[in-house]
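The working numbering numbers the first residue of the sequence shown as 53 and each following residue consecutively. C-beta: ideal position from N, C-alpha, C; glycine also. Owing to the predicted nature of the structure, the values given are computational and were not obtained by experimental measurement.
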Amino acid sequence: NYKRIPLALMILDRSLTETAPGVYSAPMKLGKAGRFDVPLLIDQPRLMNCFQITVAEQPGTKHDVSKRTIRIEAIFENRHFLPGQLQTLDFRIMDSVTKQPVSGLKDVQALLIEPPGEWQQRRRLEETDDGIYSFKQSFPHAGSYRLLLEIPSRGVRYNDSQPIMLYVGKIEHGKTSTISSSIPRGK
């Protein structure tokens, strides 16, 4: 006991074991489908990493409509954004399986960031048409901005997709104002 009082007891051992040459695994049971963060720590050699895994639905289970993958498209292509002017930013949200608009979402949110992160704003989007969600925004000055969307009721987090890049100011050759984005459902 090394003259110490035990403070904890290990109940679960989820250590990796070599199942084949160069292949390591650890058994685990997950309660639901979704996207999960998996932290990995190896002592020798010292290695730390965190990665995401996606667990599919179990075959033969009923699919909850609110858990289906959705597609979000920015529908302000080729728009020029000027600093200080109030602009409307519209997004089309569709079910990626049925290709139908997703209506009735009350928790669609946008996060706007000007790198390196000194300026940021959060906006709630309102449904303006069937599957079309919008918000109004004015940008303080010229520059590049990142726009991220979140829909907690559908399991979509800000970090689930690539940011939509916006350029505010005079249009320069080769710069674009939008990128369409497909966002899979989260946990």
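Contact between the segment 150-160 and the segment 89-104 is absent, with fewer than three C-beta pairs closer than 8 Å. Proximity of the segment 141-148 to the segment 176-188 meets the contact definition, three or more beta-carbon pairs being nearer than 8 Å. Looking at the DSSP output, Y185 sits in a beta bridge with F143, E179. Per DSSP, reduced to three states, the secondary structure at N211 is helical. Sorting K84, M80, G136 by C-alpha distance to the C-alpha of V220 places G136 at the top. Taking 7 Å as the cut-off, the Cβ atoms of A85 and A60 do not count as close. For Q172, same chain residues with a beta-carbon under 8 Å away, outside a window of 5 residues either side, are L163, L164, I165, E166 in chain order.
Residue environment analysis places Y197 among the buried positions, since at least 16 neighbouring C-beta atoms fall within 10 angstroms of its C-beta. Residue environment analysis places D182 among the exposed positions, since fewer than 16 neighbouring C-beta atoms fall within 10 angstroms of its C-beta. For D89, the enclosing beta strand (DSSP E) begins and ends at 86-94.
Around the beta carbon of G207, a 10 Å sphere encloses 16 or more other beta carbons of the protein chains shown; the residue is thus reported as buried.
Its Cα nearest to that of M80, the residue S67 stands out among S67, E125, I203. Counted as a single uninterrupted DSSP element, the beta strand (DSSP E) harbouring V75 occupies residues 75-77.
In the DSSP annotation of this structure, the continuous segment of the beta strand (DSSP E) that includes F103 starts and ends at 99-107.
Residue burial annotation: V90 is exposed, with fewer than 16 other C-beta atoms found within 10 angstroms of its C-beta. Per DSSP, T150 has no beta bridge partner at all. By the neighbour-count criterion, in which 16 or more other beta carbons inside 10 Å mark a residue as buried, F103 falls on the exposed side.
For V160, there is no enclosing beta strand (DSSP E), as DSSP gives it neither H nor E.
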